[in-house]
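Asks: In the UniProt record's numbering, the protein residues as written are 1 to 210. Built from N, CA and C at the ideal position, the CB exists for glycine as well.
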């Protein structure tokens, strides 16, 4: 993904972005699959690949909060909404541009308009993160695996306006996201298919009206 296409830089001109690359001391790094990604004091912009954001639970297990693909943005400050330690894991070989948070939050000496615009965009993105965490809370508020799956599928369907849903990650990752056992989830999906609630073909899910 081109940086100018990222929502963090909405309204920014190419020449302004060139200035900001120097001003913000942007750093491009690559990571291998399953490698932990350091993000303390940084904003990460995912150019390619995929990254999972996970909360470290009291039992030492990682609970997935979010799965990011091209254009995804993450950083240590987003963990403020969750209140726990957040660990970023490379799920598919990725390229990431890092910006030290201080370069964004502290106004530069020239008080550039495009700097202010990036701050506005960042605040908007943080609002979206709050919404995403609210969705996660709604899903986890359901007790049974079936209820969690249906809630997740309905939320995805509402976003696209379609009954066809493409799960953006593996079923193991989905089970992690829903905080359920993968084998139990697979069995429940088969039961839901038999009950005429869904049809599953690979990661493609068709949600039937209830």
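1) In angstroms with no decimal places, state the Cα-to-Cα distance between residue 99 and residue 69.
2) Are at least three pairs of beta-carbons, each pair with one atom in the segment 22–30 and one in the segment 125–144, less than 8 Å apart?
3) Using a 10 Å radius around the Cβ and a threshold of 16 neighbouring Cβ atoms, would you call residue 177 buried or exposed?
4) According to DSSP, simplified to helix, strand and coil, what is residue 176?
5) By how many angstroms is the C-alpha of residue 47 removed from the C-alpha of residue 96?
6) How is the alpha helix (DSSP H) around residue 194 delimited, first residue to last?
7) Roughly how many angstroms separate the alpha carbons of residue 113 and residue 35, rounded to a whole number?
8) For residue 249, count neighbouring Cβ atoms within 10 angstroms of its own Cβ and tell me buried if that reaches 16, exposed if not.
9) Could you have a look at residue 157 and say whether DSSP puts it in helix, strand or coil?
10) Can at least three beta-carbon pairs, one atom from the segment 48–55 and one from the segment 5–16, be found at a separation below 8 Å?
11) Which ranges does the beta strand (DSSP E) cover as unbroken runs of at least 3 residues, wholly within the segment 15–94, from first to last along the chain?
12) Comparing C-alpha positions only, which one of 173, 205 and 170 sits nearest to residue 163?
13) Within 8 Å, do at least three Cβ pairs link the segment 182–200 to the segment 143–152?
14) Could you give the distance in angstroms between the alpha-carbon of residue 115 and the alpha-carbon of residue 102?
15) At which residues does the beta strand (DSSP E) containing residue 5 begin and terminate?
16) Residue 140 to residue 155, Cα distance in whole Å?
17) Between 186, 180 and 169, which lies nearest to residue 92 when the distance is taken from Cα to Cα?
18) In chain order, what residues of the same chain lie with their CB nearer than 6 Å to the CB of residue 85, ignoring the 5 residues before and after it?
Replies: On the basis of the supplied data:
1) The alpha-carbon of residue 99 is positioned some 18 Å away from that of residue 69.
2) No: the two stretches stay apart, fewer than three of their Cβ pairs being nearer than 8 Å.
3) Classified as buried, residue 177 has 16 or more neighbouring CB atoms from the shown chains inside 10 Å of its CB.
4) Three-state DSSP puts residue 176 in a helix.
5) Those two C-alpha atoms are separated by around 6 Å.
6) First-last of the alpha helix (DSSP H) with residue 194: 182–194.
7) When rounded, the distance between both Cα atoms is 37 Å.
8) Only positions 1 to 210 of the chain appear in the structure, and residue 249 is not among them; the question remains open.
9) Residue 157 falls in the helix class under three-state DSSP.
10) Contact between the segment 48–55 and the segment 5–16 is absent, because fewer than three Cβ pairs lie under 8 Å.
11) Counting whole runs of 3 or more residues, the segment 15–94 contains the beta strand (DSSP E) stretches 27–31, 42–56, 62–68 and 73–75.
12) Shortest Cα-Cα distance from residue 163 to any of 173, 205 and 170 involves 205.
13) Yes, the segment 143–152 is in contact with the segment 182–200.
14) Approximately 12 Å, taken between the alpha carbons.
15) Per DSSP, residue 5 lies in no beta strand (DSSP E) and is assigned neither H nor E.
16) If you take the alpha carbons of residue 140 and residue 155, they lie about 13 Å apart.
17) Cα-wise, what sits closest to residue 92 is 169.
18) Annotation for residue 85: 56 place their beta carbon closer than 6 Å to its own, counting only its chain and skipping 5 residues before and after.
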